[in-house]
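Trainee: For the sequence shown, my numbering begins at 40 and goes up steadily by one.
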Amino acid sequence: MRDFLFNLITHIPYRESPMRAPRYAMQELMQYELFYLVGGSKEADISKIKTDLAEIVVSEGGVFKEKQVVEKRKMAYEIKRENRGFYVAQRFNLDEPEKIQSINKKIGLYPNILRALIVRAEELPELTSREEREAKATKEKKAEIKKPVKIEEKTITPKPVAEGQPKETAMVEKTPEKVEKLDEEDINKKLEEILNI
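Structure (structure tokens):
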């Protein structure tokens, strides 16, 4: 209300008021992930490509985080006569979300990459390398194998018995759960038996 009255008196439009902070100053830093694909034939130039793309983002006000993931993979389909490539992912913060469009344009015009994508990183999982993901998966598998086998006990109540027949007593049945521990060799042997290889 105070801004409105001040603007009314001084005849300055409300949007340009000196007392009103700019929109981007009130916003938090947004976290984004830059993901791009470099062709396998450009392996020698990959460090230069990474620095060039980092300069594009930094020139627009982006601040990169330290973690960077680079993986060499076979692509699902051929892009510009390349069937292998380097996937590079890195996160950065940007205080002005409006600049994402100009970053996308500049990266799209950069000739040494095959594909590029910038997404908001709020809902994405943590950025991890292939080795870290594999180590986590094996750790989870080991935790599953070490779980103890539980034995359930069931109590059976006797049915009413006529006089002259012997009485049954309560019996306890134990039903263990079957837990098979199979490793890759056992699975491969079973597959060979089934497929008659």
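Ideal placement from N, C-alpha and C gives every residue a C-beta, glycine not left out.
Please determine if the segment 107-120 and the segment 174-181 are in contact, where contact requires at least 3 C-beta pairs separated by less than 8 Å.
Mentor: Verdict: no, contact absent.
Trainee: Could you please give the first and the last residue of the uninterrupted beta strand (DSSP E) stretch that includes residue 124?
Mentor: For this step, residue 124 is matched to residue 85 along the sequence shown. From DSSP, the beta strand (DSSP E) with residue 124 extends over 121-133.
Trainee: What separation, rounded to the nearest whole angstrom, lies between the Cα atoms of residue 151 and residue 142?
Mentor: For this step, residue 151 is matched to residue 112 along the sequence shown. For this step, residue 142 is matched to residue 103 along the sequence shown. Taking the straight line joining both Cα atoms gives about 16 Å.
Trainee: Assuming residue 156 and residue 77 are in contact, meaning their beta carbons sit under 8 Å apart, how far apart are those beta carbons, in whole angstroms?
Mentor: For the purposes of this step, residue 156 is taken as residue 117 along the sequence shown, with counting starting at 1. For the purposes of this step, residue 77 is taken as residue 38 along the sequence shown, with counting starting at 1. Actually they do not touch by this definition, with Cβ atoms about 13 Å apart.
Trainee: Between the segment 86-102 and the segment 111-119, do at least 3 Cβ pairs fall closer than 8 Å?
Mentor: No, the segment 86-102 does not touch the segment 111-119.
Trainee: Taking the alpha carbon of residue 238 as the point to measure from, which residue in 146, 87, 149 and 79 has its own alpha carbon closest?
Mentor: Any answer about residue 238 is impossible in this case: the structure gives the chain only from 40 up to 236.
Trainee: How many angstroms separate the CA atom of residue 70 from the CA atom of residue 165?
Mentor: Locating residue 70 in the sequence shown gives position 31, where the first residue counts as 1. Locating residue 165 in the sequence shown gives position 126, where the first residue counts as 1. Roughly 12 Å between the two C-alpha positions.
Trainee: Which residue wins for smallest C-alpha separation from residue 127, given the options 68, 82 and 222?
Mentor: For this step, residue 127 is matched to residue 88 along the sequence shown. When each option's Cα is compared against that of residue 127, the closest is 82.
Trainee: Going by other Cβ atoms of all chains shown within 10 Å of its Cβ, with 16 needed for buried, is residue 130 buried or exposed?
Mentor: On the sequence shown, residue 130 is found 91 positions in, with the first residue counted as 1. The residue is buried, with at least 16 neighbouring Cβ atoms inside 10 Å.
Trainee: Under DSSP, the alpha helix (DSSP H) around residue 101 begins and ends at which residues?
Mentor: Here residue 101 is taken as the residue at index 62 of the sequence shown, counted from 1. Per DSSP, residue 101 belongs to no alpha helix (DSSP H) and is neither H nor E.
Trainee: Can you give me the start and stop residues for the alpha helix (DSSP H) that residue 79 sits inside?
Mentor: Residue mapping note: residue 79 aligns to position 40 of the sequence shown, counting from 1. Taken as a continuous stretch (DSSP letters only), residue 79 belongs to no alpha helix (DSSP H), as it is neither H nor E.
Trainee: Terminal residues of the continuous beta strand (DSSP E) containing residue 156?
Mentor: For the purposes of this step, residue 156 is taken as the residue at position 117 of the sequence shown. Taken as a continuous stretch (DSSP letters only), the beta strand (DSSP E) holding residue 156 covers 154-159.
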